[in-house]
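Protein chains: 2
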Amino acid sequence: MRHRSVTYSPESTFHALADPTRRAVLDLLRQGSQPAGQLARAFPISRPAISKHLRLLRRAHLVQEHRQGRHRLYQLNPAPLRAVDSWLEQYRVFWQTSLTNLKAFVESEYAKETSVAVSKKKRGEN
Amino acid sequence: MRHRSVTYSPESTFHALADPTRRAVLDLLRQGSQPAGQLARAFPISRPAISKHLRLLRRAHLVQEHRQGRHRLYQLNPAPLRAVDSWLEQYRVFWQTSLTNLKAFVESEYAKETSVAVSKKKRGEN
DNA sequence: CTTTTATGTAACCGTATAGTTACGTATTAT
DNA sequence: ATAATACGTAACTATACGGTTACATAAAAG
Numbered sequence: 077m078r079h080r081s082v083t084y085s086p087e088s089t090f091h092a093l094a095d096p097t098r099r100a101v102l103d104l105l106r107q108g109s110q111p112a113g114q115l116a117r118a119f120p121i122s123r124p125a126i127s128k129h130l131r132l133l134r135r136a137h138l139v140q141e142h143r144q145g146r147h148r149l150y151q152l153n154p155a156p157l158r159a160v161d162s163w164l165e166q167y168r169v170f171w172q173t174s175l176t177n178l179k180a181f182v183e184s185e186y187a188k189e190t191s192v193a194v195s196k197k198k199r200g201e202n
Numbered sequence: 077m078r079h080r081s082v083t084y085s086p087e088s089t090f091h092a093l094a095d096p097t098r099r100a101v102l103d104l105l106r107q108g109s110q111p112a113g114q115l116a117r118a119f120p121i122s123r124p125a126i127s128k129h130l131r132l133l134r135r136a137h138l139v140q141e142h143r144q145g146r147h148r149l150y151q152l153n154p155a156p157l158r159a160v161d162s163w164l165e166q167y168r169v170f171w172q173t174s175l176t177n178l179k180a181f182v183e184s185e186y187a188k189e190t191s192v193a194v195s196k197k198k199r200g201e202n
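Protein chains in written order, with this note's numbering: chain F, 77 to 202; chain G, 77 to 202.
Here it is, written out as structure tokens:
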């Protein structure tokens, strides 16, 4: 099995995850691959609707299709989720940082940037 | 400062993150709070368009608005992203598991489930 | 061969979305 | 008071989206 280093656009991934039905499909697939029809039966909407969701999930590479006779087994592909995890990485630091500290820092930055326009007005406004 | 334990619906969060402009706004806010107009100037689209994106981000609690004179400072709120992180948690195990192993496991599960319907047909198909 | 089963696609529909321009409102400057 | 600034909101438009029903195709069953 060859490993190809594919880059997953956060665009298609986030878009795919934005729909609750599609997230539910992924949740189902965590318990194991399933044929399309079986997935469809788990939802109150029509089978073609699920088929369209699956197409979108396929294009986002979040699932892989494996034809098996007249069935099509859908398998979870977690790789794009790893990309989401990477995207989140940039924000993790903010979970630890006290928001108060952050706010103070940030406002001093803003003050610096606008200081030119404000310089000739009353300076003690803050 | 009181801490209120708010639950963020993954629904609104994922939906907010699905748009590239909104993700870019959040990326900008990582470098510090900014007034709405300054954010708008960073994009090729109109100011009202950004204003609408900000409203959506507000409703998803991904940003907080702080009125300051005639400015409205927008500040990043990472809390809902932590919820996304939690959601991802259920999938992290799949990043380690060999997909080949997973596939084998999963297909045996499927075989088990369909064994009833298949029992009276040729059993050596696999 | 014909029928049934499993699934995708096409065509259509109502609603949501992302953009626009025009306007309203509150705050600061003159 | 009046003008300018920094926003938000309303109204409108084109397109995307999620759903439906009807149809197409391919494999398995009879």
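Every residue, glycine too, gets a C-beta built ideally from N, C-alpha and C.
Cβ pair residue i, residue j closer than 8 Å
{"i": "Arg106(F)", "j": "Gly113(F)", "result": "no"}
{"i": "Pro154(G)", "j": "Trp171(F)", "result": "yes"}
Assumed close pair residue i, residue j - CB separation to whole angstroms, cut-off 8 Å
{"i": "Leu157(F)", "j": "Leu164(G)", "result": "6 Å"}
{"i": "His137(F)", "j": "Tyr84(F)", "result": "6 Å"}
{"i": "Phe90(G)", "j": "Ala94(F)", "result": "5 Å"}
Closer than 8 Å at the beta carbon, the chain F residues around residue i
{"i": "Val160(G)", "result": "Val160, Leu164"}
Residues that residue i contacts on chain G, provided the C-beta gap is smaller than 8 Å
{"i": "Ala235(F)", "result": "What is shown of chain F runs 77 to 202, which leaves residue 235(F) out entirely."}
{"i": "Arg106(F)", "result": "Gln166, Tyr167, Phe170"}
{"i": "Glu87(F)", "result": "Pro96"}
{"i": "Leu130(F)", "result": "The contacting residues do not exist; Leu130(F) stays about 16 Å from chain G at best."}
Closest residue to residue i among the options (Cα-Cα distance)
{"i": "Ala100(F)", "options": "Pro96(G), Gly145(G), Glu87(G)", "result": "Glu87(G)"}
{"i": "Thr97(F)", "options": "Ser85(F), Ile126(F), Pro111(F), Arg117(F)", "result": "Ile126(F)"}
{"i": "Gly108(F)", "options": "Leu152(F), Arg134(F), Gly145(F)", "result": "Leu152(F)"}
{"i": "Asp103(F)", "options": "Tyr150(F), Arg168(F), Gln166(F)", "result": "Tyr150(F)"}
{"i": "Val169(F)", "options": "Asp161(G), Gly145(G), Val169(G)", "result": "Asp161(G)"}
{"i": "Tyr167(F)", "options": "Gly145(G), Ala159(G), Pro111(G)", "result": "Ala159(G)"}
Contacts that residue i makes with chain G (C-beta to C-beta distance below 9 Å)
{"i": "Pro124(F)", "result": "Chain G residues near Pro124(F): none, gap ~23 Å exceeds 9 Å."}
Cross-chain neighbours of residue i in chain G, by beta carbon under 7 Å
{"i": "Leu138(F)", "result": "By Cβ distance, chain G contributes nothing, its closest Cβ being about 10 Å from Leu138(F), past 7 Å."}
{"i": "Leu152(F)", "result": "Phe170"}
Residues that residue i contacts on chain F, provided the C-beta gap is smaller than 7 Å
{"i": "Pro156(G)", "result": "Here the premise fails: no neighbours, minimum Cβ distance about 10 Å."}
Are the stretch 128 to 140 of chain G and the stretch 137 to 151 of chain F in contact at 8 Å, needing three or more beta carbon pairs? No, the stretch 128 to 140 of chain G does not touch the stretch 137 to 151 of chain F.
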